[in-house]
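Trainee:
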Amino acid sequence: MALARGAVRHDATRARGRAGDECVRQRAIGGTAAPTRERGRRGARGGARGRAIVVRGFLSDWLAKNDGKEKKRDGKKPTRDARGRRRPQTSETTSGRSEKDDVTFDGFTNEELRPDFGFRRDLYELYDVPVNDEPLGAGSYGVVRAAVSKKTGEVFALKTLKKAPWIKAPASMQAVNYYHGKIRNEVEVMRTIGGSLSVCYLYEAFEDDENCHLLMELCSGGELLDRVVIGSSEEYREAKVANLVKSVLRTTVQCHRRGIIYRDIKPDNFLFQTEDQDSPLKATDFGLAGKLPPNGENLARRCGTPSYMAPEVIERNYNSPADVWSAGVVTYQLLSGRLPFTDKINPRPNAKEVFRAILEDPIDFETDPWPEVSEDAKDFVKKLLNKDPDARPTARAALLHPWLTKSEALWKAEALKGKDTALNGQVVARLQRFATQGLLKRSVLRLITSEMLSEDMEDAVSLKNADLATLKKLFEKLDTSGDNMVELVELEVGLREIGYDVTGKESKQLLGSLDTSGDGLIDVNEFTAALLDWEKIEKTSDYPKWVERAFKVLDKDGSGEIDADEVAELIFEDWEEDNDSVRTSIIRACIREADKDGNGQIDLEEFAGLLQSDPSDDLDQYDSRIASSFDFDQV
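Quick note: to get my numbering, add 609 to the position in the sequence shown (first position is 1).
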């Protein structure tokens, strides 16, 4: 069944852009390679009160009441490109706004406005950043430019955020701290889930005296909705849409598992890696992501884009099911070419009417093309767009819905046909799962693996069913040089040869997560630690012995607790890091992984808890990247 296009294009574009502009949307752009499209003139209703319905981005609600108009600069209207999009107006510094818009903060010290974040400070020694070229994208709080590695010539996306917040109101220390906290939070979120190939990868965070810079993977294929609904000559079919929705939900599951709520799921924030038709989809822009309260309490800060907000977000009483609703809106939009809830009264949709529709209107499954859409697809959308968050499926449950699993089963069976794919096609998924673990856990698992593979442990019961023979054979296949180490080129070529579709940069990303020793190579211990089924090993009688042995190896002074110096000895044993602030930041993050009581040290119970597998961290939530020429249009 071909999906509807053409007649619904205007409705989808209009509602998607302008309803969001009725809010003050302080956008921090992710690693997109396309200039941001024009969102419509802001402040259509006039007056600060009407414009500041929802805050999009870094500032709290009260700060938005004095912002939101599309400003003239130097007495001229904002310039636009041939398609009517507003071009970013930038100074040669790095901000997405003019220097004239900077606010003077009375009563604040420079250290308070522009603190040291503990990020690296050698950006311009390593990368060329042509500030005079047109940015790849820009928003109210930052700009995305190309950054070129001086060593390799590789091109990355560099997202720059000013340290001093843009506050057009009497500033408070609370507001300034909130802004800085959002920068730290975005970096932390991207580092937490960045091991997954479903997320635009954050390579490094840099800073200087004025700005923070996020060096990210460059995604050049455009936004999700641009390719699927607007301007594409190919008609997308249900199986292909289902595959894209799986990508959205994988990221959602990974966020929720780690106590993160995305809060901005929409087509704009999912980018195709390349312009190829079978390009992977990557999630980006985690500027609104937040931590879920550990005690199960709900959140109250209303944020996001209006048309994608769940009813409970509008009512300021929400939790992780709000992300599932947003994924449902995206699915409805991809299948029909229009939004499920919008303003049907005003020529220019306003957020108030959009909110009313979300809270009160039923879902339209009668208008074309819905009569031609499969019952499985409609059932999926109905479940995700249930106005009762308690009745909505979790992101993990949604990922297992028949509409999604049916299409995947078809192409996966076809892709694996006739191939000797190691671990039943799970190699790349297992590598991603390992990559999303913290550095301390990865390093300790490598230590335990070395113990398991030592001569005196060869007859251990736990190893008989641990796939070690398969892993050893796979390692030898990748190690074409025969030096018992796998380097980047060997990993990239080897994964392709055994049936996986992974780019060179993604291979580098995976190698970085496996290489806990920091030498740029993968040894057999690192490789095996990443691919072992640890949940299975934990159930064996030998496992507690290995955990205790590893703890004693790290607890050098025999105090019964592992301190920061002992963690540093493990992490930096073969990894040289001269930057003291970077070293300190890494060690603190490692301690936080396991230190449940907050005393700055790790006892045996906390150590064992760190290593315990999470049964919910199944491989379904990671893109298998099995190479396939499967034709979705035949489904």
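Quick reminder that beta carbons are idealized off the backbone N, C-alpha and C, glycines included. Note that this is a predicted model, so its numbers are computed, not measured.
At which residues does the alpha helix (DSSP H) containing THR951 begin and terminate?
Mentor: Note, THR951: premise wrong, no alpha helix (DSSP H); not H, not E.
Trainee: Once you ignore the five residues that flank THR936 on each side, which residues in its own chain have a CB closer than 8 Å to its CB?
Mentor: The sequence shown places Ala at residue 936, not Thr. So the list reads VAL854, VAL857, LEU858, THR861, ILE874, LEU993, ALA1004 and ALA1007, once near-sequence residues are dropped.
Trainee: Excluding five sequence neighbours on each side, which residues of the same chain lie with their C-beta closer than 8 Å to the C-beta of LYS987?
Mentor: Hits under 8 Å: PHE974 and TRP979.
Trainee: Could you check how far apart the C-beta atoms of LEU1097 and SER1122 are, in whole angstroms? I think they sit under 8 Å.
Mentor: The Cβ separation is near 13 Å, so there is no contact.
Trainee: Write down the C-beta distance between LEU1087 and VAL1095 rounded to the nearest angstrom, noting that I regard them as a contact closer than 8 Å.
Mentor: LEU1087 to VAL1095, Cβ: 5 Å. Contact.
Trainee: Can PHE717 be considered in contact with the ligand NAD, in the sense that its beta carbon sits closer than 7 Å to one or more heavy atoms?
Mentor: This structure does not include the ligand NAD; it has no bound ligands of any sort.
Trainee: Assign ILE954 to one of two classes, buried (16 or more other C-beta atoms within 10 Å of its C-beta) or exposed (fewer than that).
Mentor: With fewer than 16 other Cβ atoms within 10 Å, it is exposed.
Trainee: Work out the CA separation of TYR917 and LEU944 for me, nearest whole Å.
Mentor: The straight-line gap from Cα to Cα measures roughly 15 Å.
Trainee: Please report the straight-line C-alpha distance between SER888 and ILE802, rounded to a whole angstrom.
Mentor: Distance between the alpha carbons of SER888 and ILE802 is about 20 Å.
Trainee: If you run the structure through DSSP and keep just helix, strand and coil, what is VAL1098?
Mentor: Three-state DSSP puts VAL1098 in a helix.
Trainee: Indicate whether the contact test is met: 3 or more Cβ pairs, each with one atom in the stretch 1155 to 1165 and one in the stretch 1205 to 1217, closer than 8 Å.
Mentor: Cβ pair count under 8 Å is three or more, so yes.
Trainee: Considering only C-alpha positions, which residue in the set THR1079, ASN1134 and GLU1085 is nearest to GLU1060?
Mentor: With distances taken between Cα atoms, GLU1060 lies closest to ASN1134.
Trainee: Going straight from the alpha carbon of ARG1234 to that of LEU1104, what length do you get?
Mentor: Going by the C-alpha atoms only, they are around 10 Å apart.
Trainee: In angstroms with no decimal places, state the Cα-to-Cα distance between PRO1224 and THR976.
Mentor: Approximately 42 Å, taken between the alpha carbons.
Trainee: Check whether the Cβ atoms of LEU908 and GLY899 lie closer than 8 Å to each other.
Mentor: Yes, Cβ-Cβ distance for LEU908 and GLY899 is below 8 Å.
Trainee: Taking C-alpha atoms, which residue in LEU1119, PHE950 and SER1063 lies nearest to VAL808?
Mentor: When only C-alpha atoms are compared, the closest one is LEU1119.
Trainee: Please tell me whether VAL982 and THR940 are closer than 8 Å, where the distance is taken between their beta carbons.
Mentor: Cβ atoms of VAL982 and THR940: not closer than 8 Å.
Trainee: Go ahead and pull the three-state DSSP assignment for THR801.
Mentor: Looking at THR801 - three-state DSSP - the assignment turns out to be helix.
Trainee: If we ignore side chains and look at the alpha-carbon of each, how far apart do THR1112 and LEU833 end up?
Mentor: Each residue's Cα considered, the two are about 20 Å apart.
Trainee: Which of helix, strand or coil does DSSP assign to ARG1201?
Mentor: Note: ARG1201 maps to helix in three-state DSSP.
Trainee: With DSSP collapsed to three states, give me the class of SER935.
Mentor: In this structure, SER935 counts as helix in the three-state DSSP scheme.
Trainee: Determine the extent of the beta strand (DSSP E) in which PRO1083 is found, giving its start and end residues.
Mentor: Just to set this straight, residue 1083 is Leu in the shown sequence, not Pro. Not the beta strand (DSSP E): LEU1083 falls in the alpha helix (DSSP H), residues 1077 to 1087.
Trainee: With a CB to CB cut of under 7 Å and the five nearest residues on each side skipped, what residues in its chain are close to LYS759?
Mentor: Excluding sequence neighbours, LYS759 sits near LEU735, TYR736 and ASP737.
Trainee: Alpha carbon to alpha carbon, how far is THR1089 from LYS1081? Give it in angstroms, no decimals.
Mentor: The alpha-carbon atoms of LYS1081 and THR1089 are separated by roughly 13 Å.
Trainee: Go ahead and pull the three-state DSSP assignment for MET918.
Mentor: Correct three-state label for MET918: coil.
Trainee: Leaving out five residues on either side along the sequence, give the residues of the same chain with a beta carbon under 8 Å from the beta carbon of HIS865.
Mentor: Contacts found: LEU901, SER929, ASP932, THR1003, ALA1004 and ARG1005.
Trainee: Just reading off the alpha helix (DSSP H) that CYS864 is part of, what are its end residues?
Mentor: 847 to 866 is the extent of the alpha helix (DSSP H) around CYS864.
Trainee: Between which two residues does the alpha helix (DSSP H) containing SER1122 stretch?
Mentor: That run of the alpha helix (DSSP H) goes 1113 to 1123.
Trainee: Roughly how many angstroms separate the alpha carbons of ARG1201 and GLU1099, rounded to a whole number?
Mentor: In a straight line, the C-alpha of ARG1201 is about 34 Å away from that of GLU1099.
Trainee: Could you tell me the alpha carbon to alpha carbon distance between ALA755 and GLN882, rounded to whole angstroms?
Mentor: Using only the alpha carbons, I get a separation of about 15 Å.
Trainee: Relative to the alpha-carbon of LEU1049, which residue among GLU1147, GLU921, PRO1153 and ILE1196 has its alpha-carbon at the smallest distance?
Mentor: Measuring from the Cα of LEU1049, the nearest candidate turns out to be ILE1196.
Trainee: Classify PHE1216 as helix, strand or coil using the three-state DSSP reduction.
Mentor: Helix at PHE1216.
Trainee: Let me know the alpha helix (DSSP H) ranges lying completely inside the stretch 741 to 785, each 4 residues or longer, listed in chain order.
Mentor: Listed in chain order, nothing qualifies, since the stretch 741 to 785 has no complete alpha helix (DSSP H) run of 4 or more residues.
Trainee: Answer yes or no: do LEU1140 and VAL1036 have a C-beta to C-beta separation smaller than 8 Å?
Mentor: Yes, the pair counts as a contact, with Cβ atoms nearer than the cut-off.
Trainee: Please name the residue or residues paired with ILE1131 in a DSSP beta bridge.
Mentor: Paired residue(s): VAL1095.
Trainee: Could you spell out the range, first to last residue, of the alpha helix (DSSP H) harbouring ASN719?
Mentor: 719 to 722 is the extent of the alpha helix (DSSP H) around ASN719.
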